[in-house]
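For the sequence shown, the numbering used here assigns the number 22 to the initial residue and increments by one for each residue that follows.
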Amino acid sequence: MCGIAGYISKKAVSDAYLRRMIDSLRYRGPDGSGLYKKDNEEYQIGLAHRRLSIIDLSNASSQPMQFEHLVLSFNGEIYNFKEIRNELIHQGYTFNSSGDTEVLLKSFHYWGIDAVGKFIGMFAIALWDEAEETLFLYRDRLGIKPLYYYINDQCLVFGSELKPLMLYPYFQKRINSSVLSSYLVNGYIPAPETIFENTRKLRPGCFLRYQIGELSEHVYWSVKKSFEDKNLENNNFEICKNELKNLLRSSVGYRMISDVPLGTFLSGGYDSSLITAVAQELSDIKINTFSIGFNEASYNEANFAKDIANHLGTVHNELYISVDQCKNLLEDLPLYYDEPFADSSMLPTMIVSKLAKDKVTVALTGDGGDELFCGYNSYLQDLKYQRLKPICRVLSRFNSIIPIEFFLSQIGRKYVKLANMDSDDSIINIHNIYSRYYLNEIIKDMPYSFSDSFNRNIALSRNIQEKHILMDMVTYLPDDILTKVDRASMSVSLEARVPLLDHRIVDFSLSIPHHYKFRNGVGKFILKEIAHDYIPKSIMDRPKKGFGIPIYQWIHKDFYYLIEHFLSEEYLKKQGMFNEASVTKLLKNFNRENNEGYFGKIVWHLLVFQMWYDRYFESD
Numbered sequence: 022m023c024g025i026a027g028y029i030s031k032k033a034v035s036d037a038y039l040r041r042m043i044d045s046l047r048y049r050g051p052d053g054s055g056l057y058k059k060d061n062e063e064y065q066i067g068l069a070h071r072r073l074s075i076i077d078l079s080n081a082s083s084q085p086m087q088f089e090h091l092v093l094s095f096n097g098e099i100y101n102f103k104e105i106r107n108e109l110i111h112q113g114y115t116f117n118s119s120g121d122t123e124v125l126l127k128s129f130h131y132w133g134i135d136a137v138g139k140f141i142g143m144f145a146i147a148l149w150d151e152a153e154e155t156l157f158l159y160r161d162r163l164g165i166k167p168l169y170y171y172i173n174d175q176c177l178v179f180g181s182e183l184k185p186l187m188l189y190p191y192f193q194k195r196i197n198s199s200v201l202s203s204y205l206v207n208g209y210i211p212a213p214e215t216i217f218e219n220t221r222k223l224r225p226g227c228f229l230r231y232q233i234g235e236l237s238e239h240v241y242w243s244v245k246k247s248f249e250d251k252n253l254e255n256n257n258f259e260i261c262k263n264e265l266k267n268l269l270r271s272s273v274g275y276r277m278i279s280d281v282p283l284g285t286f287l288s289g290g291y292d293s294s295l296i297t298a299v300a301q302e303l304s305d306i307k308i309n310t311f312s313i314g315f316n317e318a319s320y321n322e323a324n325f326a327k328d329i330a331n332h333l334g335t336v337h338n339e340l341y342i343s344v345d346q347c348k349n350l351l352e353d354l355p356l357y358y359d360e361p362f363a364d365s366s367m368l369p370t371m372i373v374s375k376l377a378k379d380k381v382t383v384a385l386t387g388d389g390g391d392e393l394f395c396g397y398n399s400y401l402q403d404l405k406y407q408r409l410k411p412i413c414r415v416l417s418r419f420n421s422i423i424p425i426e427f428f429l430s431q432i433g434r435k436y437v438k439l440a441n442m443d444s445d446d447s448i449i450n451i452h453n454i455y456s457r458y459y460l461n462e463i464i465k466d467m468p469y470s471f472s473d474s475f476n477r478n479i480a481l482s483r484n485i486q487e488k489h490i491l492m493d494m495v496t497y498l499p500d501d502i503l504t505k506v507d508r509a510s511m512s513v514s515l516e517a518r519v520p521l522l523d524h525r526i527v528d529f530s531l532s533i534p535h536h537y538k539f540r541n542g543v544g545k546f547i548l549k550e551i552a553h554d555y556i557p558k559s560i561m562d563r564p565k566k567g568f569g570i571p572i573y574q575w576i577h578k579d580f581y582y583l584i585e586h587f588l589s590e591e592y593l594k595k596q597g598m599f600n601e602a603s604v605t606k607l608l609k610n611f612n613r614e615n616n617e618g619y620f621g622k623i624v625w626h627l628l629v630f631q632m633w634y635d636r637y638f639e640s641d
């Protein structure tokens with residue numbers, strides 16, 4: 022795991038700037054760094070790398086790495102590199118290292134751009150072809166590893182995060198106001214947009230081809246294509262279960278390849294418990310497991326995690342966290358999350374990452390199971406709301422004549438939903454309806470609008486749960502969940518690996534009948550059946566809890582000082598982005614509610630944005 026950065030520029034850029042760019046990612050790669058730079062009459066090319074040594078700890082795997090006309094700077098892991106290396110040896114290639122970087126580089130040399138289809142792993146790749154004077158940027162299929170780029174008629178600049186881009190000497194730091202409403206509703210900015218103008222996230226499963234003045238984006242894998250290519254000929258549940266179990270064992274086995282200590286995050290839920298069970302089964306020694314707990318009982322699963330660890334025989338490590346520990350992290354959030362990002366579970370994820378880093382350098386996580394196998398409670402709610410759709414259509418039709426929404430809100434805020442659930446699309450996005458209801462007043466001159474990315478794959482299925490899953494796989498999963506885990510783990514130089522998002526498992530999940538995932542009101546059915554082969558059902562079965570914190574309770578009390586500063590009339594006037602009167606009204610409603618989150622959600626998202634803005638604009 023590493024950090025990468027670089028550029029092609031028509032303007033001169035000194036080595037010192039390239040060094041500053043990559044050193045802004047030192048925590049992603051504390052074990053070493055390297056630069057590649059070349060000038061010609063028309064442009065400069067610079068590639069830079071920070072290394073976190075995981076496989077082949079020697080200097081033989083240092084980057085940027087060059088072979089003939091190709092130069093590589095790469096962040097991630099290629100888990101099947103040994104098999105690919107053997108293929109290349111049969112083709113006459115020799116190797117000077119025992120890691121995956123040289124295999125990756127020589128794969129592109131032999132197979133060209135199609136080499137990416139051979140890789141099982143997570144990656145963000147910058148590949149410079151000196152002969153063709155072309156830069157290629159690749160991102161892994163699911164978006165586990167991040168890659169940002171900034172482009173104008175003078176340059177293309179890229180990096181694992183936004184900080185290197187901001188340090189490029191000719192970067193124009195202008196806020197992309199069109200994404201503000203989407204951010205305030207969702208707490209993240211969906212790809213390919215970012216918070217800055219002319220700056221984008223490379224979408225999962227895509228690669229860029231760039232020559233001076235010419236940029237093209239290409240798709241080599243997509244959720245849509247995988248779903249459309251599904252084969253439902255095999256309708257035998259036991260055969261599917263065994264195939265998935267074998268894929269899990271293969272995926273976890275690959276992700277246990279490491280020259281440094283390894284463990285797992287264990288929350289006590291099905292996904293992390295299953296990954297831990299398979300990892301322990303494949304290990305010759307007891308593995309380390311890491312859990313955090315909360316004193317607030319409604320958020321605490323540490324006791325369940327401990328029971329599972331005892332059953333599996335792992336070396337278990339747990340830590341109960343407090344509001345003060347989370348408060349101590351607030352100041353550093355914009356450093357590691359250098360684009361506004363407001364999923365409050367980033368705080369406990371950072372804490373459990375720090376706990377793990379004390380003993381290991383690699384941690385396996387259970388992320389992805391809910392999206393692939395229909396695990397979220399919202400997928401169950403889809404079916405409940407769908408039954409109300411005929412009534413909602415009538416209410417929605419009358420809403421244009423009389424203020425139905427207003428009358429429903431007087432009965433109770435949750436009833437506002439009834440006037441807004443007249444289609445599958447609106448049902449899937451209904452959790453954001455109350456936030457959207459107030460945004461037009463808060464953001465100056467910028468009405469709310471949905472990003473097209475939310476609906477990119479929504480029409481592929483007639484099943485509303487499948488529609489929701491497909492949408493989450495292209496938005497919520499890469500732009501929220503995987504972003505959270507990447508930044509939290511990298512903040513302490515810990516590599517997080519995600520076995521459930523092996524693309525072979527993803528392809529499999531998209532190919533099986535939906536009733537294998539959701540049966541008799543139970544989500545993740547097939548995954549749970551496999552888990553019960555390792556862990557008794559009596560230990561596992563209980564109501565699902567998210568990996569959250571009592572954030573609305575905390576911002577009412579312990580974090581209220583942030584409101585007093587960042588949402589004060591004085592600060593808002595100076596900043597000039599939000600309507601002071603509307604924010605004041607929002608805060609009055611927030612102070613009156615308990616911990617429902619209707620208003621607290623927008624307040625928290627605003628606060629995170631303001632902390633980010635303060636660091637990258639006010640502190641300049």
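Glycine residues also receive a C-beta, built at the ideal position from the N, C-alpha and C atoms.
How long is the line joining the alpha carbons of leucine 593 and glutamine 346, rounded to whole angstroms?
-> Along the sequence shown, read from residue 1 onward, the residue named residue 593 stands at position 572. Along the sequence shown, read from residue 1 onward, the residue named residue 346 stands at position 325. Between leucine 593 and glutamine 346, the C-alpha separation is close to 28 Å.
Inter-stretch contact at 8 Å, needing at least 3 Cβ pairs: the stretch 210-218 / the stretch 492-504 | Segments in contact, yes.
State the start and end residues of the unbroken beta strand (DSSP E) segment that holds valine 178.
-> One-based indexing of the sequence shown puts residue 178 at position 157. Element bounds for valine 178: 176-180.
Of the listed residues Arg72, Arg508 and Lys488, nearest to glutamate 98 (C-alpha basis) = Reading the sequence shown from its first residue, position 77 is the one you call residue 98. Closest option to glutamate 98, Cα to Cα, is Arg72.
Decide if threonine 9 is buried, meaning its Cβ has at least 16 other Cβ atoms within 10 Å, or exposed.
-> Outside the displayed range of the chain (22 to 641) lies residue 9, so it cannot be described from this structure.
If you measure from the CB of leucine 521, is any heavy atom of the ligand ADP nearer than 6 Å?
-> The ligand content of the structure shown is nil, which means the ligand ADP is not present either.
Which term fits glutamate 392, buried or exposed, when burial requires 16 or more other beta carbons within 10 angstroms of its beta carbon?
-> Translated into the one-based positions of the sequence shown, residue 392 becomes position 371. Burial state of glutamate 392 is buried, judged by a 10 Å Cβ sphere holding 16 or more other Cβ atoms.
For the beta strand (DSSP E) containing aspartate 150, list its first residue and its last residue.
-> The count along the sequence shown starts at 1 and reaches residue 150 at position 129. That run of the beta strand (DSSP E) goes 142-150.
With C-beta atoms as the reference, is glutamine 631 less than 7 Å away from phenylalanine 587?
-> Residue numbering aside, residue 631 sits at position 610 when the sequence shown is read from its first letter. Residue numbering aside, residue 587 sits at position 566 when the sequence shown is read from its first letter. Taking 7 Å as the Cβ cut-off, glutamine 631 and phenylalanine 587 qualify as a contacting pair.
Output the distance between the C-alpha atoms of lysine 266 and isoleucine 551, rounded to the nearest integer angstrom.
-> Here the question's residue 266 lines up with position 245 in the sequence shown. Here the question's residue 551 lines up with position 530 in the sequence shown. Approximately 7 Å between the Cα atoms of the pair.
Output yes or no for whether 7 Å exceeds the beta carbon distance between alanine 136 and leucine 68.
-> Residue mapping note: residue 136 aligns to position 115 of the sequence shown, counting from 1. Residue mapping note: residue 68 aligns to position 47 of the sequence shown, counting from 1. It is not a contact, given that the beta carbons lie outside the stated cut-off.
With a floor of 3 residues, list each beta strand (DSSP E) that falls wholly inside the stretch 167-236, ordered by position along the chain.
-> 169-173, 176-180, 220-222 and 227-232
Would you kindly work out how many angstroms separate the C-alpha atoms of tyrosine 38 and leucine 177, rounded to a whole number?
-> On the sequence shown, residue 38 is found 17 positions in, with the first residue counted as 1. On the sequence shown, residue 177 is found 156 positions in, with the first residue counted as 1. Roughly 15 Å separates the two Cα atoms.
Please name the residue in Lys465, Lys488, Ser294 and Leu460 whose C-alpha comes closest to that of serine 447.
-> For the purposes of this step, residue 447 is identified with residue 426 of the sequence shown, where counting begins at 1. Nearest option by C-alpha distance: Lys488.
Measuring alpha carbon to alpha carbon, tell me which of Leu627, Glu339 and Phe116 ends up nearest glutamate 601.
-> Residue numbering aside, residue 601 sits at position 580 when the sequence shown is read from its first letter. When only C-alpha atoms are compared, the closest one is Leu627.
Segment contact, 8 Å Cβ cut-off, at least three pairs: the stretch 261-281 with the stretch 514-529 = yes
Give the secondary structure of isoleucine 551 by DSSP, where H, G and I count as helix, E and B as strand, and everything else as coil.
-> Reading the sequence shown from its first residue, position 530 is the one you call residue 551. If DSSP states are grouped into helix, strand and coil, isoleucine 551 belongs with the helices.
State buried or exposed for proline 282, treating a residue as buried only when at least 16 other CB atoms are found within 10 Å of its CB.
-> Taking the sequence shown and counting its residues from 1, the one referred to as residue 282 is at position 261. Proline 282 comes out exposed.
Thinking C-alpha only, which one of Ile75, Arg40, Ser343 and Phe394 is nearest threonine 122?
-> Position 101 of the sequence shown, counted from the first residue, corresponds to residue 122. Minimum Cα distance to threonine 122 is reached at Ile75.
How is the alpha helix (DSSP H) around tyrosine 634 delimited, first residue to last?
-> Indexing the sequence shown from 1 puts residue 634 at position 613. Taken as a continuous stretch (DSSP letters only), the alpha helix (DSSP H) holding tyrosine 634 covers 621-634.
Where leucine 351 and asparagine 541 are concerned, what is the direct C-alpha to C-alpha distance, given to the nearest angstrom?
-> For the purposes of this step, residue 351 is identified with residue 330 of the sequence shown, where counting begins at 1. For the purposes of this step, residue 541 is identified with residue 520 of the sequence shown, where counting begins at 1. One C-alpha to the other measures close to 42 Å.
Using a Cβ-Cβ cut-off of 7 Å (strictly less than) and excluding sequence neighbours within five positions of asparagine 197, which residues of its own chain qualify?
-> Against the sequence shown, residue 197 aligns to sequence position 176. Counting only Cβ-Cβ distances below 7 Å, and skipping sequence neighbours, we find Glu214, Thr215, Ile216, Phe217 and Glu218.
Could you tell me the distance, in whole angstroms, from the CA atom of tryptophan 149 to the CA atom of glutamine 84?
-> Position 128 of the sequence shown holds residue 149. Position 63 of the sequence shown holds residue 84. Cα to Cα, the separation comes out at about 13 Å.
From what residue to what residue does the beta strand (DSSP E) around tyrosine 159 run?
-> Position 138 of the sequence shown holds residue 159. Here the beta strand (DSSP E) through tyrosine 159 covers 155-160.
Could you tell me the boundaries of the alpha helix (DSSP H) in which aspartate 99 lies?
-> By one-based count along the sequence shown, residue 99 stands at place 78. The question names aspartate, but residue 99 is isoleucine in the sequence shown. Premise fails: isoleucine 99 lies in the beta strand (DSSP E), 91-99, not in any alpha helix (DSSP H).
Is the distance from the Cβ of asparagine 96 to the Cβ of lysine 139 below 7 Å?
-> What you label residue 96 is simply residue 75 of the sequence shown in a count that begins at 1. What you label residue 139 is simply residue 118 of the sequence shown in a count that begins at 1. No.
Might you give, ordered along the chain, the residues of its own chain that have their beta carbon closer than 7 Å to the beta carbon of phenylalanine 88, omitting 5 neighbours on each side?
-> Counting from 1 along the sequence shown, the entry for residue 88 is found at position 67. If we look at phenylalanine 88 and ignore the five residues flanking it on each side, its Cβ neighbours are Leu126, Lys127 and His130.
Just the C-alpha distance for glycine 164 and isoleucine 570, rounded to the nearest angstrom, thanks.
-> The residue given as residue 164 occupies position 143 in the sequence shown. The residue given as residue 570 occupies position 549 in the sequence shown. One Cα belongs to glycine 164, the other to isoleucine 570, and the distance between them is close to 25 Å.
So, are the CB atoms of valine 92 and tyrosine 64 less than 7 Å apart?
-> Translated into positions along the sequence shown, residue 92 becomes position 71. Translated into positions along the sequence shown, residue 64 becomes position 43. Result no, Cβ atoms of valine 92 and tyrosine 64 do not sit closer than 7 Å.
Taking Cβ to Cβ, would you say isoleucine 342 is nearer than 7 Å to isoleucine 296?
-> Looking up residue 342 in the sequence shown gives position 321. Looking up residue 296 in the sequence shown gives position 275. The answer is no: Cβ separation not under 7 Å.
Any alpha helix (DSSP H) of 4 or more consecutive residues that is wholly inside the stretch 477-526 = 485-495 and 503-511
Please confirm whether aspartate 403 and isoleucine 485 have their CB atoms less than 7 Å apart.
-> Within the sequence shown, numbered from 1, the residue matching residue 403 stands at position 382. Within the sequence shown, numbered from 1, the residue matching residue 485 stands at position 464. Yes, the Cβ-Cβ distance between aspartate 403 and isoleucine 485 is below 7 Å.
For the stretch 325-337 and the stretch 169-189, state whether three or more C-beta atom pairs, one from each stretch, are separated by less than 8 Å.
-> no
Whole-angstrom distance between serine 35 and aspartate 635, CA atom to CA atom = In the sequence shown, counting from the first residue as 1, residue 635 sits at position 614. In the sequence shown, counting from the first residue as 1, residue 35 sits at position 14. Roughly 28 Å between the two C-alpha positions.
Would you mind working out which of Ile110, Phe311, Glu62 and Tyr358 sits nearest valine 383, comparing C-alpha positions?
-> Taking the first residue of the sequence shown as 1, we reach residue 383 at position 362. Here the closest residue by C-alpha is Phe311.
Considering only the beta carbon of each residue, do glycine 180 and alanine 26 sit closer than 7 Å?
-> For the purposes of this step, residue 180 is identified with residue 159 of the sequence shown, where counting begins at 1. For the purposes of this step, residue 26 is identified with residue 5 of the sequence shown, where counting begins at 1. Cβ atoms of glycine 180 and alanine 26: closer than 7 Å.
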